[in-house]
Amino acid sequence: MSVAVHLQGITKRFPGVVANDEVDLEVGEGSVHALLGENGAGKTTLMNVLYGLYQPEGGTVHLHGEPREFHTPRDAIDAGIGMIHQHFMLVDTLTTAENIVLGHEPRKWGGLAMDRKQAREDVRELSERYGFDVDPTARIEDVGVGVQQRVEILKALYGGADVLILDEPTAVLTPQEVEDLFGVFDELAAEDKTIIFITHKLGEAMEAADDITVLRDGKNVGTVDADATTREELAELMVGREVLLEAEKDRVERGDVGLSVSNLRVTDDRGVEQVGGVDLTAREGEVFGIAGVDGNGQSELVEAVTGLRTPEEGTVSLHGRDVTDLSRRERIDAGMAYVPEDRQARGLVMEFDLVENGLLGSQHTAEFAEGGRIDWDRTRGHAEDIIEEYDVRPPNADADAESLSGGNQQKFVVGREFARDPEVVVASHPTRGVDVGSIEFIHERILDLRREGKSILLVSSKLDEVQQLSDRLGVMYEGEIVDVVDPDRVTEEELGLLMAGQTPEDAPSIADAPGGER
């Protein structure tokens, strides 16, 4: 197999950080290659160098055996490289065809106008060639994320790309859409297109790739054959030690209802209803999980439960006490901790150091303040305890939150919230952006809280996470919990159908489980 992409000794530095440290990478033509690593390992930086977004301090780029220098993404695009970013770069009000040909529009009338009919025909032909199901006349705002991703791929192909880079391509897809995407990879590889996809998901790398390169701390620590490796081997390469990949959930006796949500209706900032009459409970010693594709009302539900958004109807209760009208601070005092999905917007003040951030939400309590004056020695000790227990790097309480990587920011927020000794925990995507080693630790802490009799509402788009940790699992679709299932008995395929709004036959409802309840 000839080599499509060969990176030699790529070094890229940012202030105080070596993001890529003399990285070598070879990718065969017509192959699917996974770039695997923990948060901050340098994966996206390396691909941004290949795509011309960053200029390296050292190293060379070879494309199909020829040395190349890409000073801008346009240089890379002209050379046949396309990059599909994690957040799609499409114009919602345009059709799929108009988005695909944007920048390469077929012209008519001597070049004075875009030939929309020709654009639709070109896109239909390209879509059929690769087995894509894309309607050239549909507007982007009216199609799902799976179709939008295909539009991004077609856009790169229409522009002449034969090397495609995809950054975390499965982040917003259902399991069925992930399988469809991997089928697309196979179709493209059969046409001698070269695929490089960035991921931190071990199983997906093994399933979709021919070869897997693992980055750790900016270095290439190994390239392995996807068919000849294991999840355990990959995890150890990523983290540098043996990792327990599956949480061990023991049996815990459930107590009284700690968190109760009844007929909750919530609108978004535009006044559009996003949560339509949700009921749920989480008992003492229980994790109630919520699965679903992002954007189906989970964020608005969590905001209403935690006091960040006022519901239109319904009640939120903690141990039988109606807290619907209480503020976020009052809910903290009532025993509720909250790990937000957006750590930067909701969990941290980025300009504050970790001492100050560790105090957030507790600055009025007797533990940290007397007579209106903050005890900074005690506050510093609290921050240092979180840093040590959760392995926050760098281990410097005086570091500003904005100087930490996303994964370390997340670990600090989780540590602060769990340190409140709460009775009820609302954890929204608690392991988003953290490495497999930290995921192991956070999962164990959630299960510790469960053993201690706490009530936990867990929201996550990671199916393995909610299945492993939950005692009951609700699936949200278009603002409603469409079913509550037994996480130990439901299959990933059944969950995927529920997440897409379909009802699978013989889905294992929780009501059928021993001692089950909806």
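Per UniProt numbering, the very first residue in the sequence shown carries number 1; after that it's consecutive.
In this text, a Cβ means the ideal position worked out from N, Cα and C, and glycines have one as well.
All figures in this text were calculated on a predicted structure; none of them were measured in a lab.
Taking a cut-off of 8 Å on C-beta distances, the region 390 to 399 does not touch the region 306 to 323, as fewer than three cross pairs fall below it. In this structure, Ser438 sits near Gly407, with a CB-CB distance shorter than 8 Å.
Ser260: member of the beta strand (DSSP E) spanning 257 to 267, first to last residue. Cβ-Cβ distances below 8 Å link Leu245 to Leu202, Arg231, Glu232, Ala235, Val436, Glu440 in the same chain, with the five nearest sequence neighbours on each side left out; the list follows chain order. Secondary structure in the region 176 to 205: the beta strand (DSSP E) runs of 3 residues or longer, each lying completely within the stretch, are 194 to 199 in chain order. Glu341 and Leu463 have their C-alpha atoms spaced approximately 16 Å apart. Collapsing the DSSP output to three states places Gly415 in a helix. In the DSSP assignment, Thr45 falls within the unbroken alpha helix (DSSP H) covering 43 to 50. Rounded to the nearest whole angstrom, the C-alpha separation of Gly289 and Glu207 is 26 Å. The alpha-carbon of Leu259 is positioned some 36 Å away from that of Asp398.
Using a Cβ distance threshold of 8 Å, Met336 and Thr306 count as a contacting pair. Contact between Val266 and Leu301 holds, with the beta-carbon distance rounding to 6 Å and staying under 8 Å. Arg254 sits away from Ile332, with the two beta carbons spaced by 8 Å or more.
Leu318 and Asp385 have their alpha carbons spaced roughly 28 Å apart. In the DSSP assignment, Gln274 falls within the beta strand (DSSP E) that extends over 273 to 283. Residue range 145 to 158 is occupied by the alpha helix (DSSP H) that includes Val145. Here Asp122 is buried: its Cβ has 16 or more other Cβ atoms, across all protein chains shown, within 10 Å. Residue range 96 to 101 is occupied by the alpha helix (DSSP H) that includes Thr96. Val323 and Ser299 have their C-alpha atoms roughly 19 Å apart. With 16 or more neighbouring CB atoms inside 10 Å of its own CB, Lys249 falls in the buried class. Runs of the alpha helix (DSSP H) spanning 4 or more residues and lying entirely within the region 356 to 400 occur at 376 to 389, in chain order. Under the criterion of beta carbons closer than 8 Å, Thr95 and Gly59 do not qualify as touching, at roughly 41 Å. Under DSSP, Val23 shares a beta bridge with Ile10. Minimum Cα-Cα distance from Val145 among the listed residues Lys155, Leu126, Pro169, Val278 corresponds to Pro169.
Between Leu280 and Gly474, the C-beta spacing is below 8 Å. Apart from sequence neighbours up to five positions away, the residues of its chain that approach Glu286 with a beta-carbon distance below 6 Å are Arg254, Asp471, ordered along the chain. For the alpha helix (DSSP H) assignment, the uninterrupted runs of no fewer than 4 residues enclosed by the region 223 to 249 are, from N- to C-terminal side, 231 to 239. If you ignore the 5 residues before and after Ser2, its C-beta comes within less than 6 Å of the C-beta of Glu29, all in its own chain and listed in chain order. Under the three-state reduction of DSSP output, Leu348 falls in the coil class, being neither helix nor strand. Short of 7 Å from the beta carbon of Thr72, and not among the five residues preceding or following it, lie these beta carbons of its own chain, in chain order: Gly52.
Shown here, Gly314 sits in a strand according to DSSP, grouped into three states. Within the model, the alpha-carbon separation for Val178 versus Tyr130 is close to 16 Å. Excluding five sequence positions before and after Asp135, the CB atoms of its chain that fall closer than 7 Å to its own CB belong to Thr96, given in chain order.
With a cut-off of 8 Å on Cβ pairs, the region 83 to 90 is in contact with the region 142 to 158, counting three or more such pairs. For the pair Pro67 and His104, the Cα-to-Cα distance works out to about 26 Å. Across the structure, Gln176 and Val143 are spaced so that their CA atoms are roughly 16 Å apart.
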